[in-house]
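Notes to accompany the following structure.
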Amino acid sequence: MEKNLSRDDKLRNKRTRGTVGYTKFALKYKSEQKKPYCFVEGEDDKYYLSKLIMICKTEPEFIRCNGKQGVIETFQEIQKHKEYEEVSLLFFVDSDFDTPINNDNIYETPCYSIENLYTSPRVFARILKSEFGLDETEKDFTNAMDFFINRQNEFHDAISLLNAWILSYKKYIDKTGEVIKLRLNDLSFKEQLIEISFEGITCKYTLEAIEKALNVQPKISNDEIMSNYQEISSNPNRGEIFRGKFELEFFRILLNKLVEDRNKKANRKIFLNKKKISLPLDTNILTVLSSYAEIPDCLFEYIERRWKTPQAPVASTVSTA
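Following this note's numbering, the residues of the sequence shown are numbered contiguously, the last one being 346.
Here you go:
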């Protein structure tokens with residue numbers, strides 16, 4: 026957790042992020058080439074690349090802006106430069122647990138993050154058909170789908186409380202303005218959060234252990250956390266609203282187990298029939314599974330509109346509160 030920043034420190038950080046993103050863009054920009062310039066938080070280009078090529082019929086230029094605020098503040102910085110009014114500029118951010126930006130110039134995922142677009146039962150079914158060579162009429166397909174849906178529901182039950190804790194801190198930060206870095210990427214999914222087996226899901230965390238591991242001083246009452254827990258745990262679309270990196274890690278581990286099971290000569294737990302499968306998920310899952318991920322209608326609409334229509338008037342603004 027970081028200590029409170031002064032107003033001057035916050036403004037300085039904001040100027041730095043926006044300037045860095047703008048500088049990257051200015052160095053890449055070529056006025057003689059018509060192409061979409063796309064501003065993303067980090068590795069999101071691995072998801073967006075194929076969708077942009079499909080619609081724009083040309084290679085996009087990506088600018089990584091070091092997080093959501095970096096994208097927003099780069100957008101604000103570019104708005105100051107009228108010479109780019111006729112350039113196709115696209116800005117992509119994850120919704121997270123944040124208040125919606127509600128700016129037509131910036132695309133927000135309709136789910137928590139792009140990772141959630143990789144982990145639905147529909148995506149899993151596509152992978153079974155293409156990578157596992159299964160047809161919907163086969164028993165192996167039905168067994169694998171049932172296994173996935175059951176384990177994913179159990180996983181959502183187990184991870185709901187941690188998502189409620191994250192949501193509670195997000196609301197607290199928005200309300201108080203206190204700068205708290207939860208550093209969720211420092212948590213080891215296997216060691217500290219969830220154990221996944223063919224038999225079921227084991228929850229390994231407590232909120233006290235999470236706060237200790239992340240060096241977060243408790244600031245939220247149990248009543249408030251439980252109120253948020255009741256709200257999100259009963260949501261029928263938990264796979265869309267829960268933190269995407271947790272969802273994708275669960276998906277990766279489960280798929281690896283199924284690949285291993287499909288490859289075994291004997292003593293398989295899910296599949297009746299053996300088939301050799303190679304699916305390298307451990308290093309570059311966003312790229313490997315990109316063709317199977319969901320493509321929301323709103324994404325198509327945004328890309329088509331921004332590609333055909335230049336950026337909005339310079340007066341357009343967005344709040345970064």
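From the three backbone atoms N, C-alpha and C, an ideal C-beta is built for every residue, glycine too.
Cβ-Cβ separation between Y62 and V112: approximately 6 Å, consistent with a contact (criterion under 8 Å). Secondary structure note for E102: it is in no beta strand (DSSP E), and the uninterrupted alpha helix (DSSP H) holding it is K93 to I103. Looking at the DSSP output, C81 shares a beta bridge with no other residue. The closest CA to that of E86, considering only T124, A234, F50 and E102, is found on F50. Given a length threshold of 4 residues, each whole run of the alpha helix (DSSP H) inside the stretch 253 to 298 is given here in chain order: 263 to 266 and 269 to 288. The beta carbon of Y54 lies closer than 6 Å to none in the same chain, with the five residues before and after it left out. Residue state for F223 is assigned as coil, using DSSP reduced to three classes.
With respect to the 7 Å criterion, N141 and E265 are classified as neighbours on the basis of their beta carbons.
Separation of E220 and F296 (C-alpha to C-alpha, rounded to the nearest whole angstrom) is 22 Å. Per DSSP, the beta bridge partners of F117 are Y132. Y317 is a Cβ neighbour of I152, given a cutoff of 7 Å.
Spanning the alpha carbons of S193 and E203 requires a straight line of approximately 13 Å. Ranked by Cα distance from I302, the first of T308, Q58, K290 and N309 is K290.
Non-local beta-carbon contacts of S258 in its own chain, meaning distances under 6 Å to residues more than five positions away in sequence, involve S185 in chain order. Comparing C-alpha distances from S155 to each of W332, T334 and V313 shows the shortest one belongs to V313. Judged by beta-carbon spacing, F116 lies beyond the 7 Å limit of I126, meaning their Cβ atoms are not closer than that value.
Under the three-state reduction of DSSP output, C90 falls in the coil class, being neither helix nor strand. Contact between E66 and D129 is absent: CB atoms are separated by about 19 Å, not below the 8 Å threshold. If you check the CB distance, K76 and L311 do not come in under 7 Å. Among the bridge pairs identified by DSSP, Y62 is matched with E86 and L114. In this chain, the alpha helix (DSSP H) harbouring L324 covers D322 to K333. Contact between the stretch 247 to 258 and the stretch 270 to 280 is absent: fewer than three C-beta pairs spanning the two stretches fall below 8 Å. E329 is a Cβ neighbour of I80, given a cutoff of 7 Å. With a 10 Å radius around the Cβ and a threshold of 16 neighbouring Cβ atoms, H181 comes out buried.
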